[in-house]
Amino acid sequence: MEKEICPICNGKQVIAGTCECNSEWRHLDDDNCINDCICNPDTECPTCSGTGYVTN
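Residues in the sequence shown are numbered consecutively from 1, following full-length UniProt numbering.
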C-alpha cells in the first residue's frame, strides 16, 4: 500500500477554521469588547483522520 498526501488537507492534518464578520452581528462580549465575527474552529481532516496521508 502506498501513502499519498491527503488531497483535502494537503498533508496539514487539519482543516483551518474560518471566521465571518458582519456589522449586523455586533455585540459586546464578556470583556466589553465589540465582537461582530462568528468563527468555526480548526477541525481534524475527516478524509485522512488527521494523519495527513491517505492509503491507496
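Every residue, glycine too, gets a C-beta built ideally from N, C-alpha and C.
Starting from the C-beta of residue i, find all residues in its chain whose C-beta is less than 8 Å away, skip the five residues before and the five after it, and write them out in chain order.
| i | result |
| --- | --- |
| T18 | C39, N40 |
| V14 | D42, T43, E44, C45, G50 |
| L28 | I34, N35 |
| G52 | I5, C6, C9, G11, K12, Q13, C45 |
Considering only C-alpha positions, which residue in the set the options is nearest to residue i?
| i | options | result |
| --- | --- | --- |
| C21 | N10, P7, D36 | D36 |
| S23 | I34, A16, D29, I15 | I34 |
Could you pull out every residue in the same chain whose Cβ sits closer than 7 Å to the Cβ of residue i, ignoring the five residues on either side in sequence?
| i | result |
| --- | --- |
| W25 | D36, I38 |
Reducing DSSP to helix, strand and coil, say where residue i ends up.
| i | result |
| --- | --- |
| E24 | helix |
| E2 | coil |
Between residue i and residue j, how many whole angstroms is the CB-CB distance? I'm expecting something under 8 Å.
| i | j | result |
| --- | --- | --- |
| K3 | T55 | 6 Å |
Can you find the residues in the same chain that come closer than 6 Å, C-beta to C-beta, to residue i, ignoring five residues on each side of it along the sequence?
| i | result |
| --- | --- |
| T47 | C6, I8 |
In angstroms, rounded to a whole number, what distance separates the CA positions of residue i and residue j?
| i | j | result |
| --- | --- | --- |
| D31 | A16 | 26 Å |
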